[in-house]
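Trainee: Just so you know, the protein sequences line up as chains L and C, in that order.
Start counting the first sequence at 165; every next residue gets the next number (the working numbering).
Start counting the second sequence at 165; every next residue gets the next number (the working numbering).
Just so it is clear, CB atoms sit at the ideal spot from N, CA and C, and this is done for glycine as well.
Protein chains: 2
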Amino acid sequence: MNVIRARTAGFCMGVSLALRKLDREVDRAEEKAAQGSPRCRIATFGPIIHNPQVLEAYAGMGVRCLRQVDEVEAGDHVVIRAHGVPQQQEKALRSRDAVVVDATCPKVKKAQLGIEEQCRAGRTLLLFGEAEHPEVRGLLSYAGEGALVFGSVDELEGLPLQPETEYFLAAQTTQDRVAFEAARAWLHERLGHEVPVLETICDATRLRQQEAIDIARKVDAMVVVGGFDSGNTRRLADVAAAQGVFTVHVENESQLPVEQLRGCGIIGLTAGASTPKSIIDATQRFLESL
Amino acid sequence: MNVIRARTAGFCMGVSLALRKLDREVDRAEEKAAQGSPRCRIATFGPIIHNPQVLEAYAGMGVRCLRQVDEVEAGDHVVIRAHGVPQQQEKALRSRDAVVVDATCPKVKKAQLGIEEQCRAGRTLLLFGEAEHPEVRGLLSYAGEGALVFGSVDELEGLPLQPETEYFLAAQTTQDRVAFEAARAWLHERLGHEVPVLETICDATRLRQQEAIDIARKVDAMVVVGGFDSGNTRRLADVAAAQGVFTVHVENESQLPVEQLRGCGIIGLTAGASTPKSIIDATQRFLESL
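1) Roughly how many whole angstroms lie between the Cα atoms of Gln-253 of chain C and Lys-196 of chain L?
2) Go ahead and pull the three-state DSSP assignment for Phe-175 of chain C.
3) For chain L, check one thing: does any of its Cβ atoms lie closer than 9 Å to the Cβ of Gly-278 of chain C?
4) Please list the residues of the segment 185 to 200 of chain C that have a C-beta atom closer than 8 Å to any C-beta atom in chain L, keeping them in chain order.
5) Using only CA atoms, which one of L:Ile-443, L:Arg-381, L:Ile-244 lies nearest to Ser-418 of chain L?
6) Taking only runs of the beta strand (DSSP E) that begin and end inside the segment 299 to 381 of chain L, which ones reach a length of at least 3 residues, in chain order?
7) Could you name the residues of the same chain whose beta carbon sits closer than 7 Å to that of Glu-189 of chain C, not counting the 5 residues immediately before and after it, in chain order?
8) In this structure, does DSSP put Asp-240 of chain L in helix, strand or coil?
9) Write down the C-beta distance between Ala-334 of chain L and Thr-364 of chain L rounded to the nearest angstrom, noting that I regard them as a contact closer than 8 Å.
10) Can you pull the chain C residues whose beta carbon is under 8 Å from the beta carbon of Arg-449 of chain L, in chain order?
11) So Pro-298 of chain L and Gly-210 of chain L are supposed to be a Cβ contact under 8 Å. How far apart are they, rounded?
12) So is Ser-394 of chain C buried or exposed if we call it buried at 16+ other beta carbons inside 10 Å?
13) Tell me which same chain residues have a C-beta within less than 8 Å of the C-beta of Arg-245 of chain L, skipping the five on either side of it?
14) What first and last residue would you give for the beta strand (DSSP E) that runs through Asn-166 of chain C?
15) Examine chain L for any beta-carbon lying closer than 9 Å to the beta-carbon of Leu-320 of chain C, and answer yes or no.
16) Spell out whether any CB of chain L is found under 9 Å from the CB atom of Arg-284 of chain C.
17) Which bits of chain L does Lys-274 of chain C rub up against, with CB to CB less than 9 Å?
18) Taking 9 Å as the cut-off, decide whether the C-beta atoms of Met-177 of chain C and Ala-368 of chain C are in contact.
19) Would you kindly check if the distance between the Cβ of Ala-347 of chain L and the Cβ of Phe-292 of chain L is under 9 Å?
20) Got a sec: which bits of the segment 257 to 271 of chain C sit with their beta carbon under 9 Å from any beta carbon on chain L, in order along the chain?
21) Is it buried or exposed, Phe-392 of chain C, if we count other Cβ atoms within 10 angstroms and call 16 or more buried?
22) Identify whether Leu-420 of chain L lies in helix, strand or coil by the three-state DSSP scheme.
23) Measuring alpha carbon to alpha carbon, tell me which of L:Arg-203, L:Val-361, L:Val-218, L:Val-388 ends up nearest Ala-193 of chain L.
24) Do we get a CB-CB distance below 9 Å when we pair Glu-309 of chain C with the residues of chain L?
25) From the DSSP secondary-structure annotation, give me the bridge partner or partners of Met-386 of chain L.
26) How would you label Glu-360 of chain L, buried or exposed, when you count the other beta carbons within 10 angstroms and need 16 or more for buried?
27) Does Arg-228 of chain C come out as helix, strand or coil in the three-state DSSP assignment?
28) In whole angstroms, give me the CA-to-CA distance for Val-422 of chain C and Phe-450 of chain C.
29) For Leu-320 of chain L and Glu-330 of chain L, I'd like the C-alpha separation in whole angstroms.
30) Compute the Euclidean distance between the alpha carbons of Val-387 of chain C and Val-412 of chain C, then round it to the nearest angstrom.
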């Protein structure tokens, strides 16, 4: 089988930086333990990234995944997930007697602070994103009252917009750029004027989506590898499928629908920002062997 | 006068994120003071970025620039400079009863942790950078013993390399890419094998240098605006001048050599990663009025 693998497939800067920060804590704890000091507990606050194999590997190294601030014990080293956390949680975390390492993706951090600035200037947030995604919950904590979230232009159309409110528009950093532009255009039409826009969708997302679209147009099927929890991976599958090509989203090569793929002449392969290279490599080898 | 302004001129992500973090501390302190709480002191640890006008503006807002850990007082909010600091200093800072906000550029943070990882694996750092630059001093703190710094291939040639040592190569994030490649090639030749390389020069730097080169080849003179302390701005002037065009590095438009520039048909304009848009705009207007 011929496979076209996206050059943008795999870890983005935010993910590799977050894992590097976590690795560092793990390594240091090992070193201290080897020198005879009591082993300190390493934890992440929420899953560090949305990839099951990566999370399993860290769990195997003894890294705990905490969900509540009161699970934190004195002396713990707690790494804040790449998606960021609500600011109240971060504050509560920092008030515990623990070492807090912030591995929030820099693009997310910039979006959080940009949203806070706009709200401070008296504007109200309209956020394009998945209401239940942890990044979105974090972003919302930096917005003032009245912020609204929508996941599609349809949902935007249903929001109770107030004529006297001054809105601004922002997006989850991994959102679909084309849909975001559509939302912007609809708002302009609806309100009769341009609204201020924070350009929060990150370049890595944009380039990855564009390459997925370009490849999808040239192949008989698209394979997207990455965590099912991973929003950016799911959207990658969405934008590929929107090109009218048979698209499958799998977490690893064992989930591939071999029979459907065998008939293809050429297969495109891409992966989310949280998918390790080893898994993309294994999937590529498997596809090539078909 | 016709002016070609580089699209890459001005703040990079690391700078705008750092300033946003500092702005947030300033805004919050104002708010608290307005509510009647005692005003907390805001400080940066070292100059937040290398631009004199920006630093002056923060000084005018009451932001102090600390140089020593023992200048930190209980309750201070201390923002770590965008260039990063040596890890021993960060640790000492965090041991004070102060709120520490890390505004280290994410690309620098990644370089710091990448260097630490390589050294942990038993390799020795060869760092291409300015020995006295704060970023370089920070990077070196993450390297083990025996790390060597060089500022040019000439200097690299003079280093006492040990045949039995396993080296790796990295660079200050704002270094000249062409010179870095030359260093890599020389090392390969000298040691008889490739050395592992950390790709630490950031994309913003690379794109900015490339655009400066492209513009320099088309114009009669190049103007580079930015702090004299700013390494990336100085190197931008270097790479432009290396194209054989008359190049001036100024901090603002009042320093422009008007007589020399007046005879030019077309002038190129670029700026470092820490130069505010307002200063680039003013310089452009001034040049266009010649």
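Mentor: Well, looking at it:
1) 20 Å
2) coil
3) yes
4) Lys-185, Asp-187, Arg-188, Asp-191
5) L:Ile-443
6) 312 to 314, 331 to 335
7) Ile-206, His-241, Val-243, Val-265
8) coil
9) 5 Å
10) None at all; the shortest Cβ gap to chain C is about 25 Å.
11) 6 Å
12) buried
13) Ala-182, Thr-208, Phe-209, Gly-210, Pro-211, Ile-212, Ile-213, Ala-267, Thr-268, Pro-298
14) 166 to 169
15) no
16) yes
17) Met-177, Ser-180, Leu-181, Arg-184
18) yes
19) yes
20) Arg-258, Val-263, Asp-266, Cys-269, Pro-270, Lys-271
21) exposed
22) coil
23) L:Arg-203
24) no
25) L:Thr-411, L:Gly-432
26) In the sequence under discussion, the amino acid at residue 360 of chain L is Pro, which differs from the Glu named in the question. Exposed, by the Cβ-count rule.
27) strand
28) 10 Å
29) 16 Å
30) 5 Å
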